[in-house]
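First comes the structure, then the notes that go with it.
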Amino acid sequence: DAGVIQSPRHEVTEMGQEVTLRCKPISGHDYLFWYRQTMMRGLELLIYFNNNVPIDDSGMPEDRFSAKMPNASFSTLKIQPSEPRDSAVYFCASSLGDYLRPSYEQYFGPGTRLTVT
Amino acid sequence: AQSVTQLGSHVSVSEGALVLLRCNYSSSVPPYLFWYVQYPNQGLQLLLKYTSAATLVKGINGFEAEFKKSETSFHLTKPSAHMSDAAEYFCAVSDRANTDKLIFGTGTRLQVFP
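As they're listed, the protein sequences go chains A and B.
Using the numbering used here, the first residue of the first sequence is number 215, and each one after it goes up by one.
Using the numbering used here, the first residue of the second sequence is number 77, and each one after it goes up by one.
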């Protein structure tokens, strides 16, 4: 398997522009997580999905952020409008969970480094 | 609520020396604990996990960690550091009330000098 795939790997945009980050989880995994990593705040869970349904979005910073998972093999994280303080590395992770094997063994993608100027 | 505290944001060792990265947890229920490693410009990768079985857990690349309930600790060790071990290491605890989620520590950056 190719692992979790994220695109783009780097994104530079101007303040006020819309940014869309993309993620393809590992085939067969039923959980998908979006994280943000910054020097100041460390690694933060933004939102996660189970079977394409958002389960917990309490980490989404504000209404400018939205995430969707239209099918089992694709998810997007959108920021509209973007602000300089959104600059960070955004990671997508996926996992396979069931009653006997909770989904804590997460597989991370390489991340998207977002710079908002 | 569960949480983890990693003592020391930076640790430096010489090649061949013992590596010790500290993690203490707080949990109202028996925890599941994890160590992840992040190499430069990469995502996190699971090193090892404790899930209520043996208290001494062996992971990849020669790392191991011991769960000590009396000390609420889950320190990561490696007998002999290698240059390739230079990375950032994250301790994490699962939210047992919601095992889908991991709660990560702030990370410890390990430097290995020749």
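Think of the CB as a built atom: it goes at the ideal place given N, C-alpha and C, for glycine as much as any other residue.
I'd like to know if residue 183 of chain B contacts chain C, where contact means its C-beta is closer than 8 Å to some C-beta of that chain.
Judged by its chain identifiers, the structure shown contains no chain C, and its protein chains are A and B.
Using a Cβ-Cβ distance under 8 Å, would residue 320 of chain A count as near chain B?
So, interface residue.
I think residue 107 of chain B touches residue 156 of chain B, with their Cβ atoms under 8 Å apart; what is that distance to the nearest whole Å?
Wrong, their Cβ atoms sit about 29 Å apart, outside the cutoff.
To the nearest angstrom, report how far apart residue 298 of chain A and residue 305 of chain A are at their CA atoms.
One Cα belongs to residue 298 of chain A, the other to residue 305 of chain A, and the distance between them is close to 18 Å.
Against chain A, does residue 144 of chain B count as a neighbour if the rule is that its beta carbon must be under 8 Å from one of theirs?
no
Identify each residue in the segment 109-136 of chain B for which the Cβ-Cβ distance to at least one residue of chain A is less than 9 Å, and report them in chain order.
Per Cβ criterion, the list reads 110, 112, 114, 117, 118, 119, 120, 121, 122, 125 and 127.
Relative to the alpha-carbon of residue 170 of chain A, which residue among A/243, A/234 and A/232 has its alpha-carbon at the smallest distance?
Residue 170 of chain A is absent from the structure shown; chain A starts at 215 and stops at 331.
Could you check whether the segment 78-91 of chain B touches the segment 130-145 of chain B, counting it as contact only if at least three pairs of C-beta atoms, one from each stretch, sit closer than 8 Å?
No contact exists between the segment 78-91 of chain B and the segment 130-145 of chain B.
Between the segment 252-259 of chain A and the segment 93-105 of chain B, do at least 3 Cβ pairs fall closer than 8 Å?
no
Residues of the segment 233-250 of chain A in Cβ contact with chain B at a cutoff of 7 Å, in chain order, please.
245
For residue 232 of chain A, tell me which candidate among A/321, A/303 and A/296 has the shortest Cα-Cα distance.
A/296
With DSSP as the reference, label residue 138 of chain B as helix, strand or coil.
helix
Can you check whether the CB of residue 274 of chain A is closer than 8 Å to the CB of residue 246 of chain A?
Contact: no.
Candidates B/180, B/188 and B/184: which alpha carbon is nearest residue 249 of chain A's?
Ranking the options by Cα distance to residue 249 of chain A, first place goes to B/180.
My guess is that residue 279 of chain A and residue 238 of chain A are in contact by the Cβ rule of under 8 Å, so how many angstroms apart are they, rounded?
Contact flag wrong, Cβ pair sits at about 20 Å.
Does the distance from the C-beta atom of residue 324 of chain A to that of residue 114 of chain B stay below 8 Å?
no
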